[in-house]
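Heads up: the sequence shown begins at 90 in my numbering, then just goes up one per residue.
What follows is one structure encoded as structure tokens, with my remarks underneath.
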Amino acid sequence: MHRRTIWMVKRCSLVVLFAENPRDKSWGKGSSLVFRASMYHLKPVFVVCSTPPRKSIHYRVVSSNLFGVVDGYWVVPHPISDGGTCDEEY
Numbered sequence: 090m091h092r093r094t095i096w097m098v099k100r101c102s103l104v105v106l107f108a109e110n111p112r113d114k115s116w117g118k119g120s121s122l123v124f125r126a127s128m129y130h131l132k133p134v135f136v137v138c139s140t141p142p143r144k145s146i147h148y149r150v151v152s153s154n155l156f157g158v159v160d161g162y163w164v165v166p167h168p169i170s171d172g173g174t175c176d177e178e179y
């Protein structure tokens, strides 16, 4: 499962992640793996969950909905270059 998941994340443009177990609202191992791999490969993730992912300096979390169908959070990686964040270059 691990190799196939990483392979798919590397080749996608964005990830839509239904992260929560409906019974206990916890994230499974696969959801956590996809989320971490997406951040590592700088892929934006739309996370469908009731509470926002933890904030980090490595990504931004924005509340939104996906095409008016489902509510969740966009998690957008914020790449950092050798000289600082890429925002400083522009």
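Where a beta carbon is used, it is the ideal one built from N, C-alpha and C, also for glycine.
From a predicted model like this one, the values you see are computed outputs, not experimental measurements.
Backbone secondary structure at residue i - three-state DSSP
{"i": "V98", "result": "helix"}
{"i": "G161", "result": "strand"}
{"i": "L155", "result": "strand"}
{"i": "S127", "result": "helix"}
{"i": "S145", "result": "strand"}
{"i": "L106", "result": "strand"}
Residue i, buried or exposed, once every other Cβ within 10 Å from all chains shown has been counted against 16
{"i": "Y129", "result": "exposed"}
Proximity below 9 Å, CB of residue i to CB of residue j
{"i": "S145", "j": "V134", "result": "no"}
{"i": "V137", "j": "G157", "result": "no"}
{"i": "W116", "j": "A108", "result": "yes"}
Legend entry - the region 145 to 152 contacting the region 105 to 124, beta-carbon criterion three pairs below 8 Å: no
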